[in-house]
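Counting in our numbering, the sequence shown runs without a single skipped number right up to 1192 at its last residue. Quick reminder that beta carbons are idealized off the backbone N, C-alpha and C, glycines included. Read through the structure below, which is laid out as structure tokens, and then see the notes.
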Amino acid sequence: MRLEKIILNGFKSFADKTEFKFDSSITAIVGPNGCGKSNVVDAVKWVLGEQKKKSLRSSQMTDVIFNGSANRKPSSMAEVSIVFSGVDSKAGNDGFLQISRRIYKNGDSVYLINDKSCRLKDIKELFLNTGIGVSAYSIIEQGQISQLLTASKLERRLIFEEAAGISKFKAQKVEATRKLEKTEQNLLRVADIVEEVSRRLRSVKMQAGKARNYVEYRDRLNELKMSYYLAEYDKFFRKAEKTKEKYQLVNDKYHELSAIISRDDALSANIKNDISQTETELNRSDNMLIAITGRIEQNLEKIEYLRKRSEELEHRKNTASQRISQLEEQILKLSANHSAIQFKIQQNKGSFDEHQQMFRSLSEMLNQAETGCMELEAQLEDAKNASFEVVRRSSQISNEINSSGTYRENLDAQKLNTSKRIENLSRQMKSMEEDRERLKKLIGENEGKESYLREQFETYNSKISEINAGVASKNEKLARLREEKSGCMSELAVLRKMENESEGLNSSLQEILSEKAEGKHPQICGIVAELIKAEPGYDRLVECVLSGMTDSLVVESFNDYLENRKKFIEMENSLKFICLDSLKPDETAEAVINSGLAVSRLSDHVTSEEKYAGLIKCLLGNTFITDSIENARKISNELPSGINLITMDSEMLINGCTVTTGPDTAGSGLISRKSRINEIESLTAELDAKIAEILKDIENSSDIKEQISAEMSEIQNQLFTVNNEKNELNTQLEVISSGISNLNTDLPSMQKELESISAQISESLEKEQSLKQELAKIDNSKNVNDEQISTLSERLEEQRAVRSEISNRLTDARVKLAQASVTSDNLKQQAVNYESQIRRSENSLESTRREMSGNDELVDETTRSILYAESSVTDLYYEKEKLQSAAMAVKEKLAGMHSELAEVQERLRERNSLHSDMAQQIHELDLSINELRIKTEDLITRTGEELQINLLESYQDYQSREIDWAAVTAEIKELKEKISRLGNVNLDAIDELEDLQKREDFLTEQVGDLTKSRNNLQQIIDKINVESREKFQETFNLVRDNFRSIFRKLFGGGKADIQLEEDVDILEAGIEIIAQPPGKGAKTISLLSGGEKTMTAIALQFAVFNIKPSPFCFLDEVDAALDEANNERFNLIVKEFEEFSQFIIITHAKRTMSIADELFGVTMQQQGVSKKISVKFEKDSEELSAA
């Protein structure tokens, strides 16, 4: 892998896009202070993922964006790219790899690999074990040199781990450890589920047993109910059969009575029908009588009307006679007037004919004059039309010529506009294509930013998961500690209660100790168990030795015992007393101590108050502890008599011949109980401290989790904003793409339109030339037409004068003719009026005469009608009397029929009453049958619902038998009580039990799988640790040898060494640096001078570099603290390593510049803006180029 170039755009002082190509092994970057040389190193660190703002010499990450100067605007973003060659094809593109990072003003940042968005994690994994990285040894700065020496021992391990290639192992170990913790959590969780399932299984087993009992009771209860329901159904069935038989008997009698009642009803109906017919006949007679009476009244009224009508007709006859006389006189007068008018009409006809002849003669003359004028006018009009057509055509051609010029001007303007539009569309097309590329770039940046934010979100989410897992683990540990504390407190409470109640002591001892607590028996000190205290682990041995003596009462003197001896003897239980003044220590124990045998005295592990020291020596002084009973047997022969030996297993050898095991039961446990109380109190205090510590850790984790959650919320808001921006950019891109597509369609049509306009301009010029030639011809014909029009106009004026004279004469003749015509018309109208009046009068006369003749006929007819009406009235009076006699006979017959009907109805009422009683009886029987049917159906339904059994099918095999229903009822009651006592029964528990057993088996298998996974992960971690130790140890030894060699080269002698911390795991051990420049003693790093520190650090860096060179190495003014001699040595070291790696050196030292194959100068020609100048050295020439 080789570094090809670095591209900076808007990064810090590099406002413009600047490219550094590295074609040589050693490249130097030089320039005055503050010109931006170190910004190149910052750019490399930044693109490799540097997150520390202080390391980039910034207060915030957006400070790396060019912030503008006096003459330059700030940049909106900063971007750095580094390009490598010779890369594996899997990672690179045709052997090339480009890593890029962009940041925007709003703080959004994105990483790219070969212009594809990626995560920082991907970049770090790409450069694992290559020596390239922010904290690796590929970038060495002046401040980093001092930091390497002043760093802690553990911090110095990083460059060694990178060189050893175990960084990847370390990451794998972290991942495996995380999985192991997760597996442990899953194991705990599954264990909890198993425990829960087990608890549920125990509960369900009880419920299943309960359910089985319930099923047994229910089945027996259903069996008894079925017997009861069958008996009930049999009872209802038999009762229904008997009721149906009775119903049939009553129903037959009911139908017989119904037939008799029907016959009586028929007789009654016949009588009623006869009565109805008789009443109808009577009504008809009455109606006829009423009708005759009405006809009589009508005829009388008619007679009266006809008499009045006759009188009126006589009056009208007289009036008509007078009217006829008047009309005859009027007709005579009108006839005379009509004759006079006819005479006047004859006189006026001669004058009218004369005037009419004159008028016709003048009309013919006028028509001839009119014809002449019209002919002349037509000729003149034709000439004028021809002249007008010539003028019109001339004007038309002139207009066409003018229009052609205007049209051509418009076409020229249109051609110019079209050309401009084509230019504008071309510029717009170019602008839109630039905008499209810009939007695509912004969308790519936006997607990179989104990817970065999602990566951050996932990182934070992982942290929260880790925190939750840690808190869960701590909570589990806290629960265990609390459970342990609770157990200790419970045990402590029990032990204290036993202690307070003096449990293990007989009643007499309890009585004495109780009296002592009340202030009595001051001479009694207490029992032995209360006065001495054994160390933990030795309490059982003491109880074994003091078997039967731990509950002995200790008194000050023997006399104190004698004073209360009587009372003590009378007590219920036996008592043992030890008198302090009578104790005699055994001197043989001192001889054993001085003998040098491998034993220790038991009394040395027991403490008490000073006054009871003699008591301990007396009771325990002759007992020694040995390692085993076999050893005790061996050395017992060498010991004096009276010496006892005891092992830690409580086996005691007494006087070399008697062996006892364990303490005596009487009074045993008093000392161990007190020891146990003290031990539990200490353990409880330790548990309280641990619980408090865990609670504090949980609280701290919660605070961290809240901070991370807040940051995740902020990231989510940023993601929402980024998505909105992305959608908006996509929308803009679609609009621009659509615009470009439209422009691609419009431009060709605009070109065609421009060509069409040019063709129209040429055509217009040709047409204008033709029109001008035609206009010249028209002007010549116009003059000939003007002369012809003048001649025709003179002739027309003469003819119009003649026509005017004839027209005046004709007007006078027309007036006279009109007057004669009006007079004739008036006379004729008068004659017509008189004729009309005569006809109307004659018609009226004729009508009056006809009316008078009709009145005579009407008078005769009216007289005849009166006589006929009077005759009809006489006949109607006779018929009326006859009808009245017949009606009286019908009424007598009707009375007899009503009497017979009353007898029949009375008999019918009696039988209907009996019929109703029988119907009621039938209804009651029917209700009984229905009631039994409903009960039977209800019983069948209830049996089906309660027992899910078809009662009808079961009844087919039913045999009636004697049953003790009292016993059945009692058994049913007992079964119901049993079921009731069972309470709520879970019938699903039987099936659930089977499911839970299967689930328990499955979970148990899961626990086994998780345990296996945990063991596998632990094996992986152990394997990684083994490989890491081997690689680190091997690398450390190589670096150590290289460091010693390079140190001597740089210093021209001296000694140096690096050492690992002792008694620490090699994977955790820190690294100590020891340096001894020539002629000086060994010194710690802090006592070296600035130059010596730099040289030592350089020696260490190159010692590491020699083991595993990185593809490139940036040295940022690391030679600043070196004098010329040391600088020369430093340059020699760099030259030695140039075949393994590229060196980019930022320096002010001329000697360092001299070893470079290529120089990059960084200047600020414009204030605040860095520019690059490159100088490449060749054998014979030097080429300077400004970039």
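Which partner residues does residue i have in the DSSP bridge list?
i	result
E116	Contrary to the premise, residue 116 reads as Tyr rather than Glu in this sequence. R106, C123, per the DSSP bridge assignment.
L145	One point to set straight first is that residue 145 is Ile, not Leu, in the sequence displayed. Per DSSP, L1120.
G475	G475 pairs with nothing; no bridge assigned.
L13	T23, V85
N649	T628, I659
G949	Per DSSP, none; premise fails for G949.
D1062	I1079
K1177	V1167
S605	I630
C584	V560
G531	V559
Quick one: is residue i buried, meaning 16 or more other Cβ sit within 10 Å of its Cβ, or exposed?
i	result
T32	buried
N451	buried
F242	exposed
Q541	According to the sequence as given, residue 541 is Pro; it is not Gln. Exposed, because fewer than 16 other Cβ atoms sit within 10 Å of the Cβ of P541.
D47	buried
M1100	buried
R570	exposed
V1031	exposed
I574	exposed
G73	exposed
Rounded to a whole number of angstroms, what is the C-alpha to C-alpha distance between residue i and residue j?
i	j	result
K983	A975	12 Å
S431	T423	12 Å
E548	I676	7 Å
M657	S519	34 Å
R365	Q834	26 Å
P420	E405	Just to set this straight, residue 420 is Lys in the shown sequence, not Pro. Taking the straight line joining both Cα atoms gives about 21 Å.
E228	A245	26 Å
D1162	V35	13 Å
T298	Y883	11 Å
H343	Q804	52 Å
S933	A274	37 Å
L536	F563	18 Å
L980	E691	60 Å
W970	L930	30 Å
K777	S392	19 Å
Check whether the Cβ atoms of residue i and residue j sit closer than 8 Å, and answer yes or no.
i	j	result
L752	I402	no
V1174	A20	yes
R1034	L1065	no
I532	L514	yes
I108	I144	no
S769	R398	no
R1019	E201	no
N683	N578	no
Could you work out which residue in the options is closest to residue i when comparing CA atoms only?
i	options	result
C1118	D1128, I1103, A1130, A1126	I1103
A637	C662, S613, H343	C662
G647	I427, I659, S655	I659
E1122	I12, K22, N44	N44
E438	T411, N473, E739	E739
R443	D269, S633, R545, I741	I741
S707	S330, T1101, K479, K1036	K479
G15	K42, R62, A83, V52	A83
Q1011	V195, Q737, K251, Q253	V195
S876	L700, K307, D28, L125	K307
I1112	L1120, G1095, K1140, F1037	F1037
P1116	S29, L13, P1082, I12	S29
L620	E758, I651, A325, L558	L558
A1061	I696, R1049, E1067, L944	R1049
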